[in-house]
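Residues in the sequence shown are numbered consecutively from 2, following the numbering used here.
The beta carbon of each residue, even a glycine, is placed where N, CA and C say it ideally should be.
Just below is one structure, and these are the notes that go with it.
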Amino acid sequence: MFPGQALLAQRMGKTRLLAETGAGQHGVASATAAALLGMECCVYMGEVDVRRQELNVFRMRLLGAEVRTAMSGSRTLKDAVNEAMRDWVATVTESHYCLGSVMGPHPYPWMVRTFHEVLGREAREQSEALLGGPPDVVVACVGGGSNAIGIFSGFADAATDLVGVEPAGGAAVGRGVPGVVHGMDSYLMQDEFGQVLEAESISAGLDYPGVGPEHSHLAAIGRARYEAVTDDEVVEAFQMLSRAEGIIPALEPAHALAWVSRERASLAGKSVVVNLSGRGDKDVAQMMEILV
């Protein structure tokens, strides 16, 4: 996705990439693309996330990006998006905003989904090769929802159950109502006065009070369902995969693993694909504070 947006920016004659990031992965990818193409890069990141994702902050700066700390509101992903959009509006002649999820104003939800469809295509091909057909269930974590919508796209025509797993403290589909945020009409955590509520998640990448509009549509028509897991369940799943498979997952996909672990009895005998959308190097220091 990130090279695609960077190449688009270059084609449009832009010289500067803007990005927001929560977990830091999108920021690192945007900084990498900018370095490769000889462009400036400015990444906005909430103060809370700067602290818990220090390794990725260092990586971004090492790659030549300027990392600006968002100090307003909850000082997490939502506020980083706010600051990036403010910058974009003021510098649109030279800047392209590389939005990191299937959210925001059109055409971003569609464009980011298109770039992420590679996840669904490859997962479908591998399922056909290994299982002889599509799996019974596909599971992915959902914050804004880019990794989930990408892998879901490969199974839209199949009789596969699609399950998006949200953080209990940021369940925009599970707890939200229709509303508008960051230029999109979607499910949103808000109060009776329309004020956006703060999301909370152990994972910086899912700490967002809204969700991409296509996820809202899939939930509304019943094509996908959305479940929530707690931080404690995520920590347990993080350790479980590390010890059982020797794979340290990022805290974001550990949400999907947590749901599968919780529902293991009902999933017995079914083929289940979990989208492991990130590795846990970035989260090791945070988990050390929790577990040690």
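Contact check, residue i vs residue j under 8 Å by CB: the rounded distance?
i: Gly145; j: Tyr209; result: 6 Å
i: Ser197; j: Met190; result: Note that residue 197 corresponds to Val in the displayed sequence, not to Ser. Indeed they touch by this definition, with Cβ atoms about 7 Å apart.
i: Val82; j: Glu41; result: The pair is not a contact, with the Cβ atoms about 20 Å apart (cut-off 8 Å).
i: Lys15; j: His107; result: About 19 Å separates the two Cβ atoms, so there is no contact after all.
i: Ala35; j: Ala66; result: 7 Å
i: Ser272; j: Asp137; result: 5 Å
i: Val143; j: His218; result: Not a contact, Cβ separation roughly 13 Å.
Would residue i and residue j qualify as a contact pair, given that the criterion is a beta-carbon distance under 8 Å?
i: Asn276; j: Leu120; result: yes
i: Gly151; j: Glu126; result: no
i: Asp50; j: Gly23; result: yes
i: Ala259; j: Val235; result: yes
i: Gly171; j: Glu201; result: yes
i: Arg62; j: Glu84; result: no
i: Leu207; j: Pro168; result: yes
i: Ala141; j: Ala130; result: no
i: Leu64; j: Thr92; result: no
i: Arg53; j: Gln287; result: yes
Over the uninterrupted alpha helix (DSSP H) stretch that includes residue i, give me the two end residues.
i: Val235; result: 232-246
i: Gly165; result: Per DSSP, Gly165 belongs to no alpha helix (DSSP H); it is in the beta strand (DSSP E), 162-168.
i: Arg125; result: 109-132
i: Ser33; result: The amino acid at residue 33 is misidentified as Ser; the sequence shows Thr. Taken as a continuous stretch (DSSP letters only), the alpha helix (DSSP H) holding Thr33 covers 26-38.
i: Val82; result: 78-91
i: Ser102; result: That residue, Ser102, is in no alpha helix (DSSP H); it is neither H nor E in DSSP.
Please report the residue range of the beta strand (DSSP E) in which residue i lies.
i: Met185; result: 185-189
i: Arg17; result: 17-22
i: Gly211; result: No beta strand (DSSP E) contains Gly211, which DSSP labels as neither H nor E.
i: Ser278; result: It is not in any beta strand (DSSP E) - Ser278 carries neither H nor E in the DSSP assignment.
i: Glu41; result: 41-47
i: Gly180; result: 178-182
i: Arg69; result: 67-71
i: Val140; result: 138-142
Relative to the alpha-carbon of residue i, which residue among the options has its alpha-carbon at the smallest distance?
i: Gly155; options: Val274, Glu237, Tyr188, Lys79; result: Val274
i: Arg12; options: Asn57, Glu246, Glu95, Asp186; result: Glu95
i: Ala205; options: Ala7, Arg76, Ala32; result: Arg76
i: Ala10; options: Leu207, Gly39, Gln26; result: Gly39
i: Ser147; options: Arg114, His27, Pro135, Leu131; result: Arg114
i: Leu78; options: His183, Gln240, Trp111, Gln6; result: His183
i: Leu268; options: Arg53, Val139, Gly5; result: Val139
i: Ala1; options: Arg60, Gln54, Arg53, Arg17; result: This structure does not reach residue 1, given that the chain is present from 2 up to 293, and the question cannot be answered.
i: Thr231; options: Ile203, Ala220, Gly134; result: Ile203
i: Asp80; options: Asp233, Glu199, Ala245; result: Glu199
i: Met185; options: Gly25, Pro110, His27, Asn57; result: Pro110
Looking at the ligand MN, does it come within less than 7 Å of residue i, judged from the CB to the closest heavy atom?
i: Ile248; result: With respect to the ligand MN, the structure shown offers nothing to examine, as it has no ligands at all.
Tell me, please, whether the region 224-231 touches the region 152-168 by the rule of three or more beta-carbon pairs shorter than 8 Å. yes
Taking 8 Å as the cut-off, does the region 277-287 touch the region 250-260 (at least 3 CB pairs, one atom from each stretch)? With the cut-off at 8 Å, the region 250-260 and the region 277-287 touch.
Would the region 81-92 and the region 39-57 be scored as touching if the rule is three or more Cβ pairs under 8 Å? yes
Does the structure place the region 168-177 close enough to the region 92-103 that three or more beta carbon pairs sit under 8 Å? no
Sufficient close CB pairs (3 or more, under 8 Å) joining the region 201-216 to the region 262-271: no
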